[in-house]
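The next block holds one structure in the form of structure tokens; read it before the comments.
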Amino acid sequence: MGLMIEVNHLSFAYEKDKPVFSDISFHLQPGKIFTILGPNGTGKSTLIKCLVGLLSPESGDIHLSGEKKESISHRKQARIMAYVPQAHQIIFPFPVLDYVLMGRSPHLPVFGQPGSKDYLKAMQALKKVGVDYLADRPISEISGGEFQLVSIARALTQSPSLLILDEPTSHLDFGNQFKVLSIIEELAGEGLSVVMSSHFPDHAFLISHLVAVMQETRFIGIGTADEVITKELMEQAYGIDVVISTVSECGRTVCLPVRKNNQVMN
Numbered sequence: 001m002g003l004m005i006e007v008n009h010l011s012f013a014y015e016k017d018k019p020v021f022s023d024i025s026f027h028l029q030p031g032k033i034f035t036i037l038g039p040n041g042t043g044k045s046t047l048i049k050c051l052v053g054l055l056s057p058e059s060g061d062i063h064l065s066g067e068k069k070e071s072i073s074h075r076k077q078a079r080i081m082a083y084v085p086q087a088h089q090i091i092f093p094f095p096v097l098d099y100v101l102m103g104r105s106p107h108l109p110v111f112g113q114p115g116s117k118d119y120l121k122a123m124q125a126l127k128k129v130g131v132d133y134l135a136d137r138p139i140s141e142i143s144g145g146e147f148q149l150v151s152i153a154r155a156l157t158q159s160p161s162l163l164i165l166d167e168p169t170s171h172l173d174f175g176n177q178f179k180v181l182s183i184i185e186e187l188a189g190e191g192l193s194v195v196m197s198s199h200f201p202d203h204a205f206l207i208s209h210l211v212a213v214m215q216e217t218r219f220i221g222i223g224t225a226d227e228v229i230t231k232e233l234m235e236q237a238y239g240i241d242v243v244i245s246t247v248s249e250c251g252r253t254v255c256l257p258v259r260k261n262n263q264v265m266n
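In the UniProt record's numbering, the protein residues as written are 1 to 266.
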């Protein structure tokens with residue numbers, strides 16, 4: 001099976017500044033989920049912006065489905081890869097359905113108009129993430145959590161092979177966090193590759209095939225969740241005491257912060 005995305009020795013620095021990250025490498029097969037963990041300010045979002053082309057890396061290369069990314073047209077890249085940012089301000093009160101429909105743009109002729117099949121794709125995507133009831137609502141009037149779900153629907157409407165998400169659960173309540181993770185896992189089961197950043201080791205335990213921990217410009221660990229989300233590595237990355245434990249009732253492994261007196265924080 002070929003690689004969906006391959007990143008080799010990627011580095012980035014803002015002009016005349018120290019590197020934001022350096023020598024980052026990873027590869028991901030179709031149908032796999034890669035989660036990048038790490039504290040604030042370590043370059044996770046910057047790395048993702050380099051992956052999707054919003055920033056240009058200083059060195060290194062990115063391959064999509066075996067092709068060097070810089071040799072692929074922007075239009076073709078948009079058919080391969082969809083991006084959901086952390087936050088995105090919408091000024092104009094588009095109907096939600098119209099906003100999601102914009103995801104079909106890479107598949108339309110220049111100056112072409114979406115047809116019935118495109119509208120169907122958009123509605124199917126809204127339904128998949130459970131917000132089809134918002135289709136006619138002005139997007140400026142929905143909540144932050146609803147907007148995150150709508151943004152994922154728009155990305156799915158692109159029919160990508162690779163989905164890249166920057167902290168996809170950051171604006172969601174507890175229930176919707178689990179819902180989004182379940183959707184991501186389901187999409188991977190259908191063959192979609194996923195790269196996402198997160199602040200939550202538990203989310204990586206729950207759905208990820210590959211996990212990296214980012215600190216001080218580099219990956220300090222990359223592997224399976226069990227290999228990477230260890231007490232030693234989490235304490236090194238986040239600067240707090242933690243305990244890695246298995247919840248017997250559901251068989252899940254979790255990472256919990258611990259107070260100085262060795263009590264698990266509620």
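Even glycine gets a Cβ: it sits at the ideal position worked out from N, Cα and C.
Bear in mind the structure is a predicted one, so any value in this text is a computation, not a measurement.
Classify residue i as buried or exposed, calling it buried when 16 or more other Cβ atoms lie within 10 Å of its own Cβ.
i	result
P168	buried
M102	exposed
S182	exposed
T42	buried
L149	buried
For residue i, which of the options has the nearest alpha-carbon?
i	options	result
V7	E15, Q29, P19	Q29
L37	E249, A225, T253	A225
G175	H203, T157, S193	H203
L126	L156, P106, G115	L156
F26	S71, L3, L162	L3
S198	S59, I33, H9, G60	I33
G21	Q148, S161, L55	A small correction: the amino acid at residue 21 is Phe; Gly does not occupy that position in the sequence shown. It is L55 whose Cα lies nearest to the Cα of F21.
Q236	H209, E216, I207	E216
L108	R75, G130, R137	R75
D136	E249, V194, H9, P93	P93
Q158	R79, G251, L64	R79
Return the CA-CA distance between residue i and residue j, expressed in angstroms with no decimal places.
i	j	result
D241	V258	5 Å
D118	D132	15 Å
I152	K18	33 Å
Q177	T35	15 Å
Y238	P39	6 Å
E58	D23	10 Å
R218	P160	28 Å
M123	I207	26 Å
S245	L256	8 Å
K179	H209	18 Å
E15	C50	15 Å
S71	G130	37 Å
Do residue j and residue i have their beta-carbon atoms positioned less than 8 Å apart in this structure?
i	j	result
I220	I48	no
Q77	S45	no
F200	V254	no
V213	V228	yes
M81	V110	no
V96	I142	yes
L192	G31	yes
I184	V195	no
For my contact list, residue i and residue j are in at a C-beta cut-off of 8 Å; report their separation, rounded to the angstrom.
i	j	result
Y99	I139	5 Å
R104	K121	6 Å
H9	G66	Not quite, the Cβ-Cβ distance comes to about 18 Å (not below 8 Å), so this is no contact.
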